[in-house]
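So the sequence shown is numbered by full-length UniProt numbering: it starts at 1 and just counts up by one.
Cβ atoms here follow ideal geometry from the backbone N, Cα and C, with glycine treated the same way.
Please read the structure below before turning to the comments.
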Amino acid sequence: GQGSTAPDWLALWAFGRLDLNLAIEEFWGLTPRQLEVLQERQTEREEEMDYRASLIAAVVMNVNRTKRTQKTTQPHDLIPRRSQQDGLRQPTKMTVERMMMHARQWTALLGGTITEVN
């Protein structure tokens, strides 16, 4: 359809297979919303792992401070915010427009056509 862009299906497939460890049948059996929720949970898991690593690093740094007056390091001091680094915006609540965009993308991805009614 006019104005609709298909998502990069190879990138989606790779994410589902490699990052989520889904079988091909599982991946193609997901709805767009299910895939989005899995992606959100994957992001949460990565953030938890980043926090654990930064907690260990902060403890090591704090134990080895040279002066008692030197500022202590907190785990969050060591975690770069991806959204700030890459200029990505924070996730937003699903709007009707966003939902329609995803529906159009999946339709195009699966070879369907969209008929706009004015």
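Own chain, CB closer than 8 Å to residue i, minus 5 neighbours either side, in chain order
{"i": "G1", "result": "Confidence at G1 is low in this model, with a pLDDT of 46, below 50, so its placement is unreliable and the value that follows should be read with caution. So the list reads R104, T107, A108, T113, I114, T115 and E116, once near-sequence residues are dropped."}
{"i": "F15", "result": "Q39"}
Cβ distance (whole Å) where residue i is taken to contact residue j below 8 Å
{"i": "A58", "j": "L78", "result": "6 Å"}
{"i": "F27", "j": "W9", "result": "Incorrect: roughly 10 Å between the Cβ atoms, too far for contact."}
{"i": "T73", "j": "N64", "result": "Actually they are not in contact, since the Cβ atoms of T73 and N64 sit about 10 Å apart, beyond 8 Å."}
{"i": "L20", "j": "Q42", "result": "6 Å"}
Distance between residue j and residue i (C-alpha atoms, nearest Å)
{"i": "L38", "j": "R68", "result": "44 Å"}
{"i": "P32", "j": "A53", "result": "32 Å"}
{"i": "H102", "j": "L55", "result": "37 Å"}
{"i": "P75", "j": "V96", "result": "37 Å"}
{"i": "R17", "j": "K71", "result": "43 Å"}
{"i": "R45", "j": "L110", "result": "30 Å"}
{"i": "R98", "j": "M49", "result": "30 Å"}
{"i": "A11", "j": "Y51", "result": "27 Å"}
{"i": "I24", "j": "M100", "result": "25 Å"}
{"i": "P80", "j": "T66", "result": "25 Å"}
{"i": "G29", "j": "E47", "result": "27 Å"}
Proximity test, residue i beta-carbon vs the ligand PLP heavy atom, cut-off 8 Å
{"i": "G112", "result": "What this structure holds is no ligand at all, so the ligand PLP is not there to describe."}
Item to check | Ordered list of alpha helix (DSSP H) runs contained in the stretch 34-116, each at least 4 residues | outcome: 82-85 and 96-109
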